[in-house]
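Just so you know, the protein sequences line up as chains L and E, in that order.
Taking our numbering, the leading residue of the first sequence gets 1, the next gets one more, and so forth.
Taking our numbering, the leading residue of the second sequence gets 1001, the next gets one more, and so forth.
See structure below.
2 protein chains.
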Amino acid sequence: MQGITGHELSSRKAEYLKYIHMQGDVVKTTEIAARFSVAPSTVTKALTEIAKAGYIEHRPYHGVRLTSAGTEYARFLLRRHRIVALVLSRHGLEPDEACREAAKIEQCFSKDLTNRICSSLGHPMMSGCGEIEHDHCCCPSCGHQG
Amino acid sequence: MQGITGHELSSRKAEYLKYIHMQGDVVKTTEIAARFSVAPSTVTKALTEIAKAGYIEHRPYHGVRLTSAGTEYARFLLRRHRIVALVLSRHGLEPDEACREAAKIEQCFSKDLTNRICSSLGHPMMSGCGEIEHDHCCCPSCGHQG
DNA sequence: TGAATGTTTAGACCCATACCAAATTCCGGG
DNA sequence: CCCGGAATTTGGTATGGGTCTAAACATTCA
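Here you go:
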C-alpha cells in the first residue's frame, strides 16, 4: 500500500510479475520463459528472487502464484502502465503505440510520480490499453476512490 | 543528427556528457568526480568509454572536451530533459520538482518519442528548467526550426 | 628537481540478466 | 508400480554497467 515506491523490483522482474498477474492463478516457469523468449533457468532464478521479495509463492516444479502483496504490486504496475500510456496518447501517440512506448518507459516512474500524474488527469478510468483501476492506495493526498 | 536514438550512452554516461556540455570547454576528471560524488577512477573509466564512442576527446591528464558529435548529442540530451520536465510541469509538478523528476526518467525517452512529444506540445521554446533549443534535427517530420 | 597534486591503471566487487549443461523432480503410460 | 521423457532447478560462466581501493604515473610549481 503506502509502502510501494515503484522501484522494489527491477524492470524485468516487474514484467514477469505483470505477466503472472495477467495469467492469474498458477503460472509455470516454461510459460514465462516462452512468453519472454528466455531460457527457463533464467526465469527460475528471477522467480526465486521475486519470491524472496514476497510477491509470489514459488512451489518448485509446480509454478508460482501471486501473494496478496504481489497482487497489490501487480495492480500498481498495471495502473502505472495505463496512466503512462494515457499521457503518451495525450501527446499524439496512437493507442497501440502509446502502449508500446509506455512499456519502455514506465519502469522509471515512481509511485508518487504516477499518483501525481493520475491526479492531474482527474483520475481517469480508461486508457488506450485498458481500464484503470484506482484503489484505496491510489491518491493518498485526495483520498480518491476508484 | 538523424542517427541519434537516445540510447547511445548509458544514463550515467549521459549525465557526465551533459555536465561536460554545461561546463563548456575543457573539463577535468576531478571536477566531474566531485560533482557526482564518485571516485576519480570511476570517472576516468567512463570518460574513456565515452571517448571511444566519439562524443569527447580525452587528453589523458589534461581533461576532456566535447567533439562535434558530443556537442550535438549533449544538446539532444538537454532538449530531452527540458521537454520531459515540461510534460511533468503540465501535470502539476512545480518547476523544480519537474526538473528533478525529469532527471530520473528522461533516460528512458528515445529521440523519436521526444520528438513526438515536442511536436504535440507545439515545439515550446521554454521549460521550467531552461530554454529549449530546437535545431535542424528536432522534428524531421515537420521541419520545424527553433 | 622533487614533492604535492591530479590522473590513470589494475584488480576487485556487486547487481542484473542471460546462457548451457547437468542434476533433479514429476507424472503418466506400460 | 515403476520407469522414462518432459519440465524444472542447480551450478557454473558470461556480459555490461557502475563502483571502489591501492598503486603507479604524469604534471606542475616552488
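Note that CB positions come from ideal geometry on N, CA and C, so glycine has one too.
In this text the structure is predicted, and so the values were computed from the model without any measurement.
What residues from chain E crowd round residue i, counting only those whose CB sits closer than 7 Å?
i	result
K104/L	C1108
For residue i, which residues in chain E fall below 9 Å Cβ to Cβ?
i	result
S119/L	H1091, G1092
Give me the chain L residues within the contact set of residue i, using Cβ-Cβ distance strictly less than 7 Å, ordered along the chain.
i	result
E1101/E	L113
R1116/E	H91, G92, L93
For residue i, which beta-bridge partners are listed by DSSP?
i	result
M1126/E	E1131/E
R59/L	G63/L
V1087/E	V1087/E is not bridged to any residue.
V1027/E	V1064/E
Shortest alpha-carbon distance to residue i belongs to which of the options?
i	options	result
N1115/E	E131/L, E106/L, M125/L, L93/L	L93/L
T67/L	G24/L, E101/L, G130/L	G24/L
T71/L	L86/L, M22/L, G122/L	M22/L
G3/L	I117/L, Y16/L, K111/L, H134/L	K111/L
I132/L	I56/L, S89/L, L78/L, A51/L	L78/L
E1015/E	S1089/E, P1124/E, H1081/E	H1081/E
L1017/E	R1035/E, Y1055/E, T1005/E	Y1055/E
S1010/E	R1035/E, A1034/E, V1026/E, Y1073/E	Y1073/E
S120/L	L86/L, D135/L, K104/L	L86/L
What separation, rounded to the nearest whole angstrom, lies between the Cα atoms of residue i and residue j?
i	j	result
K1028/E	G1063/E	4 Å
E1106/E	V84/L	13 Å
H1007/E	H58/L	35 Å
G1130/E	C1118/E	15 Å
E1101/E	I32/L	33 Å
H91/L	G1122/E	10 Å
R1065/E	L1047/E	10 Å
I1050/E	F109/L	27 Å
S37/L	F76/L	25 Å
T156/L	I20/L	This structure cannot settle anything about residue 156/L, because the visible part of chain L is limited to 1 through 146.
T30/L	K45/L	13 Å
T1005/E	R12/L	22 Å
G128/L	P60/L	37 Å
P1040/E	P95/L	46 Å
S1126/E	H1134/E	Looking at the sequence provided, one finds Met at residue 1126/E rather than Ser. If I take the Cα positions, the gap works out to 11 Å.
A69/L	A103/L	22 Å
P124/L	A1034/E	44 Å
K52/L	V26/L	17 Å
Would you say the beta carbon of residue i is closer than 6 Å to some non-hydrogen atom of the ligand HEM?
i	result
A39/L	With respect to small molecules bound, the structure shown includes none, and the ligand HEM cannot be examined in it.
For my contact list, residue i and residue j are in at a C-beta cut-off of 8 Å; report their separation, rounded to the angstrom.
i	j	result
A98/L	L113/L	Not quite, the Cβ-Cβ distance comes to about 18 Å (not below 8 Å), so this is no contact.
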